[in-house]
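Take a look at the structure below.
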Amino acid sequence: VEEIRGSIDLIQQNVEEVKKKHSAILSNPVNDPKTKEELDELMANIKKTANKVRGKLKMIENSIEQEEQSGVSSADLRIRKTQNSTLSRKFVEVMTDYNKTQTDYRERCKGRIQRQLDIAGKQVGDDDLEEMIESGNPGVFTQGIITDTQQAKQTLADIEARHNDIMKLESSIRELHDMFMDMAMLVESQ
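In full-length UniProt numbering, the protein residues as written are 1 to 190.
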């Protein structure tokens with residue numbers, strides 16, 4: 001239980017670091033591969049730790065269910081059920097915060113892409129922008145934009161980098177959604 005609690009705290013700390021990295025990336029006018037690498041590493045750590053926590057919480061839940069089915073009803077069992085319920089809720093709370101962080105970052109990246117496209121002289125509506133992002137092809141953003149100047153080339157590189165960020169986020173958010181569904185069923189069954 002203490003190990004799970006420590007892992008949840010670690011995830012929470014990593015989520016705070018992710019928020020800082022998101023701000024650093026968005027406030028930096030030029031792409032910084034080092035910060036992105038650190039962000040990717042943090043996100044991978046969160047995913048790995050979250051999967052471990054989820055697995056351990058499921059093991060505890062299964063153990064509790066087996067004891068209940070065998071007719072055991074002790075104070076120890078009630079304590080374990082309460083601890084498991086509390087840890088599950090805390091885990092869902094931390095992962096919800098992480099999901100919100102990812103979603104906010106996606107929206108901010110999308111806004112930045114929109115501004116960069118506007119600066120580059122390409123008017124794109126919100127629906128069209130969303131469709132471009134979903135297509136998975138950053139080249140869609142750059143069609144028809146003249147790349148004569150260094151600034152325009154940099155803008156295009158930034159747009160493509162933001163698009164790649166959003167694609168990674170999409171994948172991360174899908175994985176989080178699956179994890180939430182598992183945890184929601186786990187919490188609901190308590």
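Glycine included, C-beta positions come from ideal geometry on N, C-alpha and C.
Task: Among Q116, E130, M167, the one whose alpha carbon lies nearest that of V30 - done: Ranking Q116, E130, M167 by Cα distance to V30 puts Q116 first.
Open item on the list: For I113 and R162, which I take to be in contact (beta-carbon distance under 8 Å), what is that distance rounded to the nearest angstrom?
Closed with: 5 Å
Task: For P33, the three-state DSSP class (helix, strand or coil) - done: P33: helix per DSSP, three-state reduction.
TODO: Note down the Cα distance separating Q83 from E175, rounded to an integer number of angstroms.
DONE: 26 Å
- [ ] Go ahead and pull the three-state DSSP assignment for K122.
- [x] coil
Task: Cβ neighbour criterion (16 or more within 10 Å) applied to I79 - done: exposed
Task: Alpha carbon of R54 to alpha carbon of M183, nearest angstrom - done: 7 Å
TODO: Just tell me which of I60, S7, Q12 has its CA closest to the CA of N99.
DONE: Q12
Task: E41 burial status per 10 Å Cβ neighbour count (16 or more: buried) - done: Within a 10 Å sphere around the beta-carbon of E41 sit fewer than 16 other beta-carbons, which makes this residue exposed.
Task: Assigned exposure category for M43 - 16 Cβ within 10 Å defines buried - done: buried
Task: Three-way DSSP call (helix, strand, coil) for E188 in this model - done: helix
TODO: Taking I46 and N14 to be in contact with their CB atoms under 8 Å, please state how far apart those CB atoms are, rounded to whole angstroms.
DONE: So it is a contact: roughly 5 Å between Cβ atoms.
Task: First and last residue of the uninterrupted alpha helix (DSSP H) at V15 - done: 2-27
Task: M179 versus E134 - alpha carbon distance - done: 22 Å
Task: Buried versus exposed, by CB contacts within 10 Å (16 or more), Q66 - done: exposed
Task: Rounded straight-line distance, which links the Cα of V72 to that of D9 - done: 32 Å
- [ ] Thinking S85 and K52 are a contact (beta carbons under 8 Å), I'd like their distance in whole angstroms, please.
- [x] S85 to K52, Cβ: 19 Å. No contact.
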